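The structure under discussion appears below in the form of structure tokens.
Protein chains: 2
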Amino acid sequence: MLKIENAVERIREILDDENLSQLREVLDDYHSADLADIFSNLKEEERLLCFKNIEEDKAAEMIEYLSPQLQVELLGDIDEETASRIISKLPHDSAADVLGDMEDNESETYLDKLPHKFSEEVRELLTYNEDTAGGIMTPVIMTVNDDMTVKEVLSSIRVQAQEDNMELYYIYVVDKQHHLLGVVSLRKLLTSPINEVIENIMITDIVKLHVDDYQDYIADVFMKYQYNALPVVDLYNRLKGIVTWDDVQDIVEEETTEEIYTSSAISTGNVDEDEILSGSITKAVQARTPWLFITLIGEFVAVHVGHKFEPTLQMLPVIAIFVPLLAGLGGNIGTQSITLMVRGLSTGELTLNSAAKHIMREMSIGLVIGSIFGGLVSLVTWGWRNNIYLGLVVGISMMINMTIATVIGTFAPFALKKFKIDPAVASGPVIATIIDVLGLAVYFTLVTIFLVKLT
Amino acid sequence: MLKIENAVERIREILDDENLSQLREVLDDYHSADLADIFSNLKEEERLLCFKNIEEDKAAEMIEYLSPQLQVELLGDIDEETASRIISKLPHDSAADVLGDMEDNESETYLDKLPHKFSEEVRELLTYNEDTAGGIMTPVIMTVNDDMTVKEVLSSIRVQAQEDNMELYYIYVVDKQHHLLGVVSLRKLLTSPINEVIENIMITDIVKLHVDDYQDYIADVFMKYQYNALPVVDLYNRLKGIVTWDDVQDIVEEETTEEIYTSSAISTGNVDEDEILSGSITKAVQARTPWLFITLIGEFVAVHVGHKFEPTLQMLPVIAIFVPLLAGLGGNIGTQSITLMVRGLSTGELTLNSAAKHIMREMSIGLVIGSIFGGLVSLVTWGWRNNIYLGLVVGISMMINMTIATVIGTFAPFALKKFKIDPAVASGPVIATIIDVLGLAVYFTLVTIFLVKLT
Chain A
89 MLKIENAVER IREILDDENL SQLREVLDDY HSADLADIFS NLKEEERLLC
139 FKNIEEDKAA EMIEYLSPQL QVELLGDIDE ETASRIISKL PHDSAADVLG
189 DMEDNESETY LDKLPHKFSE EVRELLTYNE DTAGGIMTPV IMTVNDDMTV
239 KEVLSSIRVQ AQEDNMELYY IYVVDKQHHL LGVVSLRKLL TSPINEVIEN
289 IMITDIVKLH VDDYQDYIAD VFMKYQYNAL PVVDLYNRLK GIVTWDDVQD
339 IVEEETTEEI YTSSAISTGN VDEDEILSGS ITKAVQARTP WLFITLIGEF
389 VAVHVGHKFE PTLQMLPVIA IFVPLLAGLG GNIGTQSITL MVRGLSTGEL
439 TLNSAAKHIM REMSIGLVIG SIFGGLVSLV TWGWRNNIYL GLVVGISMMI
489 NMTIATVIGT FAPFALKKFK IDPAVASGPV IATIIDVLGL AVYFTLVTIF
539 LVKLT
Chain B
89 MLKIENAVER IREILDDENL SQLREVLDDY HSADLADIFS NLKEEERLLC
139 FKNIEEDKAA EMIEYLSPQL QVELLGDIDE ETASRIISKL PHDSAADVLG
189 DMEDNESETY LDKLPHKFSE EVRELLTYNE DTAGGIMTPV IMTVNDDMTV
239 KEVLSSIRVQ AQEDNMELYY IYVVDKQHHL LGVVSLRKLL TSPINEVIEN
289 IMITDIVKLH VDDYQDYIAD VFMKYQYNAL PVVDLYNRLK GIVTWDDVQD
339 IVEEETTEEI YTSSAISTGN VDEDEILSGS ITKAVQARTP WLFITLIGEF
389 VAVHVGHKFE PTLQMLPVIA IFVPLLAGLG GNIGTQSITL MVRGLSTGEL
439 TLNSAAKHIM REMSIGLVIG SIFGGLVSLV TWGWRNNIYL GLVVGISMMI
489 NMTIATVIGT FAPFALKKFK IDPAVASGPV IATIIDVLGL AVYFTLVTIF
539 LVKLT
């Protein structure tokens, strides 16, 4: 792959020389995906100057690879005529995405300037929720009737596919009312006898999407069946468009980001992922405080537990200094268990059926690791404070804490899944705080029991 | 999508009735991806009985969707002749994957029974590292010469693609020595004049992979350029195979799992991901202890900091009970910052250039949230212990801790990336412990300064 830093430097040098013909030549040489990366790394005014110096076809190709913010920025900075021409060269779904990210009056201006048919088709896409199959799909697809022959289909492709900027993965077979009847792969088409009727070679057991299907469902279907493209139908099984694997790639990345954010106690419910990372501080605070607030309440419970044992602390303040050690390791091994279960449930490697098995397995792992670490801590503490009982109390607490942490960390994601709550929520503060509080209670109880030996 | 639980139940009922002809019929009706899911949920003996009752073509299709363990299990449980026939129906890359997961002597037995040409091609795939393009690619591809016409290519497809179970995405143009010259998409082929020479319609600016490219690089290339399939060449630019997007989908899932595991302090270096989740306990302990051990050392530093302030603790044991509260919230907000930066760097939304901007932004967020939470904690503590100074010390510590946590949590991933270390490592215990230790030091220092007012 291209070294983007070097390319950016090269472009900057040419910009400094104000050599526009060289600029045009160099920009034209890059792949549009590389160009998009280069543009993201340029300053706004550099970017605009470069954008004005690439030809419109290339500009349209590149626009598809850019982030929504940059798409809107660049198109807004050039004259409306050129911008409309570039938008009209985009595939329908990308055009709808770009226009959907603009202010309403701005997108209306462009829609009015676009070729009528294209503009109508894009307008229809804009009526769907952008997180559903309707909002994601490309409406222009290659359709044929079931009584056509292979030969007729091949000449039909020649006409239809040339006309629009049409993606060609499968050929969809529809009746006169555009109801979806079957699918033929290009491979099948190209290897069948030229006079074969389509009806005889089409597949009728079709995996399909509905216009209202949500993107997480769409991603699951693609991941499971591994097709390049899937047809999208409406309530009456009329073919409306196709969703292709590259649309799904973006969804999968977005879903993964959401899963990771949720696991780290960042709420994605009301704030868009992009805004959490680089939007206003208010938005970021909004996404980050809800779970922190729950942690706060949970930790007040921990404070309360500590308070209960204040007499013990009064008599033996040294025990306080082991609290971070116990909490840190309990939290860490618990997080490991939660992460393993959440990810396993998310990829489908784990099912609810295997909950009991995994709780037992993680408990064993907690016991083994807890014993090793507990033993180590016992020895170090004993050596340091010259009190074998203190060593034992800290070490045994460590072992119990780590075991409890693995069990809770394994149980919680399965329980949430069972009640149809996103298991990733388990990685959040609630479970961590429960592990914290229980660990603290175990430790202080042991300390109180053996207090005589410890002082 | 199919409700797998219901399907499994239905199959079990038929198995109980011992109605094999109905079993065959029902199994045949499922999509092979669904069958694979059903098989994963059956018990071993049920699975085997079902496997013996699906026809071989369907068995081959389903095998591709199964996990490696189940592939080896099922093929090992049926007679060698049938197993070889099923393997010979797999695409080359899947056959190589299945055979690569078996014991050497076992896979040799099958390789000897496979058709000679297929067996040779699969043997060649097995010589590549399974994590490189060579190990992932399909070697059978549609190739043509640059002096052929569209018409000749179309008839060549008819012969070549029918012969092998060949995937058809692009047509690759090679010279007599099989050097890669260009690529033609099926769309271009089908919309070009029938007598056009391939040389004139092929793309020569080809994004391609090298047989030795590693899978993370391959995933990056696919994610960036968004092609369906990419050609794989050797050192001399001879075309060896293609990698398709569904292979990459598996890689992306694996890479994401690795990223998530690393973020949760689970080492994927020496232990396979699958084994961490469901292998032997020894393997799991091996993957989970390294970072825990580093936490242990880090937390001993925290114990040492606590020890330094033992005189303070002695005079005012109550301050110990606020430690989990401060550590919990500092850790949480720090994790949020780390997660945001690690994910942003991983998806390419963030670059090293934006480090300073993001450190400032996160610091502001830390200050805002820290002030809110610090204020709350001050009030609650003041009300509870009836000591405004204690309230202020705990609250101000909270604010400082949370701000420090966001700054370190933002700085660390960028710094690691700068030194070419996986930023996900930052989510691990080292940074968490640094945040812990610093937070503790700030708190105890403030307590010591205001000790007179607090007692």
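Taken in order, these protein sequences are the chains called A and B. For what it's worth, our numbering labels the leading residue of the first sequence as 89, then goes sequentially. For what it's worth, our numbering labels the leading residue of the second sequence as 89, then goes sequentially. Yeah, the Cβ is synthetic: ideal placement off N, Cα and C, and Gly gets one too. Owing to the predicted nature of the structure, the values given are computational and were not obtained by experimental measurement.
Cβ distance (whole Å) where Lys396(B) is taken to contact Tyr477(B) below 8 Å: Counted from its first residue, the second sequence places residue 396(B) at position 308. Counted from its first residue, the second sequence places residue 477(B) at position 389. So it is not a contact: roughly 22 Å between Cβ atoms.
Kindly list, in the order they appear in chain A, the residues whose Cβ is closer than 7 Å to that of Val456(B). As a first step, residue 456(B) is located in the second sequence; it is residue number 368 there, counting from the start. Neighbours of Val456(B) on chain A, chain order: Ile369, Val373.
Short Cβ contact (8 Å threshold) for Glu450(A) with Thr498(A): Looking up residue 450(A) in the first sequence gives position 362. Looking up residue 498(A) in the first sequence gives position 410. Yes, these two residues count as a Cβ contact at 8 Å.
Just tell me which of Glu134(B), Thr345(B), Ala184(B) has its CA closest to the CA of Glu106(B). If you number the second sequence from 1, residue 106(B) lands on position 18. The shortest C-alpha separation from Glu106(B) is found at Glu134(B).
Please report the distance separating the alpha-carbon of Asp510(B) from that of Arg112(B). Position 422 of the second sequence, counted from the start, is the residue given in the question as residue 510(B). Position 24 of the second sequence, counted from the start, is the residue given in the question as residue 112(B). Their Cα atoms are separated by approximately 50 Å.
Outcome for Ala444(A) when other beta-carbon atoms lying within 10 angstroms are tallied against a minimum of 16: The residue labelled residue 444(A) in the question sits at position 356 within the first sequence. Classification for Ala444(A): exposed.
For Tyr216(A): DSSP bridge partner residues: Taking the first residue of the first sequence as 1, we reach residue 216(A) at position 128. The partner list for Tyr216(A) (beta bridge, DSSP) is empty, contrary to what the question assumes.
Under three-state DSSP, which class holds Leu359(A)? Taking the first residue of the first sequence as position 1, residue 359(A) is located at position 271. Note on identity: in this sequence residue 359(A) is Val, with Leu being the wrong assignment. If DSSP states are grouped into helix, strand and coil, Val359(A) belongs with coil.
With a threshold of 8 Å between beta carbons, is Asp524(A) in contact with chain B? Here residue 524(A) is taken as the residue at index 436 of the first sequence, counted from 1. Cβ-Cβ to chain B under 8 Å: yes for Asp524(A).
Within the same chain, show all residues whose beta-carbon is closer than 7 Å to that of Ile339(A), passing over the 5 residues directly before and after it, in chain order. One-based indexing of the first sequence puts residue 339(A) at position 251. Only Gln303, Ile306, Ala307 meet the Cβ criterion.
Could you tell me whether the Cβ of Ala529(A) comes closer than 8 Å to any Cβ of chain B? What you label residue 529(A) is simply residue 441 of the first sequence in a count that begins at 1. No, Ala529(A) lies away from the interface with chain B (no Cβ there is under 8 Å from its Cβ).
So which residues on chain A does Thr377(B) lean against when the C-beta distance must stay under 9 Å? For the purposes of this step, residue 377(B) is identified with residue 289 of the second sequence, where counting begins at 1. Ordered by position in chain A, the residues that pass the 9 Å Cβ test against Thr377(B) are Ile457, Ile460, Phe461.
Which runs of the alpha helix (DSSP H), 4 residues or longer, sit entirely within the region 333-399 of chain A? 333-351, 361-366, 369-396
Taking 8 Å as the threshold (C-beta atoms), are Val331(B) and Met225(B) in contact? Stepping through the second sequence from its first residue, residue 225(B) is reached at position 137. Stepping through the second sequence from its first residue, residue 331(B) is reached at position 243. Cβ distance < 8 Å, so Met225(B) and Val331(B) count as in contact.
Could you work out which residues of chain A lie near Ser352(B), taking near to mean beta carbons separated by less than 7 Å? Taking the first residue of the second sequence as position 1, residue 352(B) is located at position 264. Correct list: Thr423, Gln424, Thr427.
Val285(A) in three-state terms, based on DSSP: Counting from one through the first sequence, the residue named residue 285(A) turns up at place 197. Here Val285(A) sits in strand by DSSP.
Where Glu387(A) meets chain B, residues with beta-carbon distance less than 7 Å: Locating residue 387(A) in the first sequence gives position 299, where the first residue counts as 1. Those within 7 Å of Glu387(A) in chain B are Pro412, Leu413, Gly416, Leu417.
So, does the CB of Arg135(B) fall closer than 8 Å to a CB anywhere in chain A? Position 47 of the second sequence, counting from 1, holds the residue named residue 135(B). With 8 Å as the cut-off, Arg135(B) does not count as an interface residue toward chain A.
Backbone secondary structure at Pro227(A) - three-state DSSP: Against the first sequence, residue 227(A) aligns to sequence position 139. Coil at Pro227(A), not helix or strand.
Are the C-beta of Met225(A) and some C-beta of chain B separated by less than 8 Å? Numbered from 1 along the first sequence, position 137 holds the residue referred to as residue 225(A). By this cut-off, Met225(A) is not an interface position.
Just confirm the distance between the C-beta atoms of Thr279(A) and Ile245(B), as a whole number of angstroms; I'd bet it's less than 8 Å. Locating residue 279(A) in the first sequence gives position 191, where the first residue counts as 1. Locating residue 245(B) in the second sequence gives position 157, where the first residue counts as 1. Rounded, the Cβ-Cβ distance is 7 Å, consistent with contact.
If distances are taken between C-alpha atoms only, which option among Lys505(A), Ala317(A), Ile151(A), Asn283(A) comes closest to Pro179(A)? The residue given as residue 179(A) occupies position 91 in the first sequence. Out of Lys505(A), Ala317(A), Ile151(A), Asn283(A), Ile151(A) has the C-alpha closest to the C-alpha of Pro179(A).
Is it right to say Pro405(B) is buried, meaning 16 or more other beta carbons lie within 10 angstroms of its own, or is it exposed? By one-based count along the second sequence, residue 405(B) stands at place 317. It is buried - the Cβ of Pro405(B) has at least 16 other Cβ atoms within 10 Å.
With a threshold of 7 Å on Cβ separation, who are the neighbours of Ala408(A) within its own chain once the five nearest residues in sequence on each side are excluded? As a first step, residue 408(A) is located in the first sequence; it is residue number 320 there, counting from the start. Cβ within range, chain order: Leu401.
What residues from chain B crowd round Tyr258(A), counting only those whose CB sits closer than 9 Å? Start at 1 with the first residue of the first sequence, and residue 258(A) comes out as number 170. Correct list: empty, because the minimum Cβ distance to chain B is about 11 Å.
Where the alpha helix (DSSP H) containing Val160(A) begins and where it ends: The residue labelled residue 160(A) in the question sits at position 72 within the first sequence. Unbroken alpha helix (DSSP H) run through Val160(A): 156-165.
Taking all protein chains shown into account, do 16 or more other C-beta atoms lie within 10 angstroms of the C-beta of Lys239(A), making it buried, or fewer, making it exposed? The sequence position of residue 239(A) within the first sequence is 151, counting from 1. With fewer than 16 other Cβ atoms within 10 Å, it is exposed.
In the DSSP assignment, what are the bridge partners of Arg326(B)? Sequence index remark: in the second sequence, residue 326(B) carries index 238 (1-based). The partner list for Arg326(B) (beta bridge, DSSP) reads His267(B).
Output needed for Ile227(A): all residues of its chain with C-beta closer than 6 Å, excluding positions within five of it in sequence on either side, in chain order. Position 139 of the first sequence, counting from 1, holds the residue named residue 227(A). Strictly speaking, residue 227(A) in this sequence is Pro, with Ile absent from that position. Excluding residues within five positions, the ones whose Cβ falls inside 6 Å are His180, Glu209, Gly329.
Apart from the five residues on each side of it in sequence, which residues of its chain come closer than 7 Å, Cβ to Cβ, to Leu455(B)? Locating residue 455(B) in the second sequence gives position 367, where the first residue counts as 1. Correct list, in chain order: Thr491.
Taking Cβ positions, are Val482(A) and Phe410(A) nearer each other than 8 Å? On the first sequence, position 394 is the one that residue 482(A) refers to. On the first sequence, position 322 is the one that residue 410(A) refers to. Yes. Within cutoff.
Any C-beta of chain A sitting closer than 8 Å to the C-beta of Tyr349(B)? Locating residue 349(B) in the second sequence gives position 261, counting from the first residue. For Tyr349(B), the answer is yes, since a Cβ of chain A falls inside 8 Å of its Cβ.
Residue range of the beta strand (DSSP E) that includes Leu318(A): Walking along the first sequence from the start, residue 318(A) turns up at place 230. Here the beta strand (DSSP E) through Leu318(A) covers 317-321.
Check whether the Cβ atoms of Phe502(A) and Met448(A) sit closer than 8 Å, and answer yes or no. Locating residue 502(A) in the first sequence gives position 414, counting from the first residue. Locating residue 448(A) in the first sequence gives position 360, counting from the first residue. For Phe502(A) and Met448(A), no; Cβs fall outside 8 Å.
Do Ile426(A) and Ala500(A) have their beta-carbon atoms positioned less than 8 Å apart in this structure? Counting from one through the first sequence, the residue named residue 500(A) turns up at place 412. Counting from one through the first sequence, the residue named residue 426(A) turns up at place 338. Closer than 8 Å, so yes.
With a Cβ-Cβ cutoff of 8 Å, do Ile523(B) and Ala493(B) count as a contact? Position 435 of the second sequence, counting from 1, holds the residue named residue 523(B). Position 405 of the second sequence, counting from 1, holds the residue named residue 493(B). Yes, they are a contact pair.
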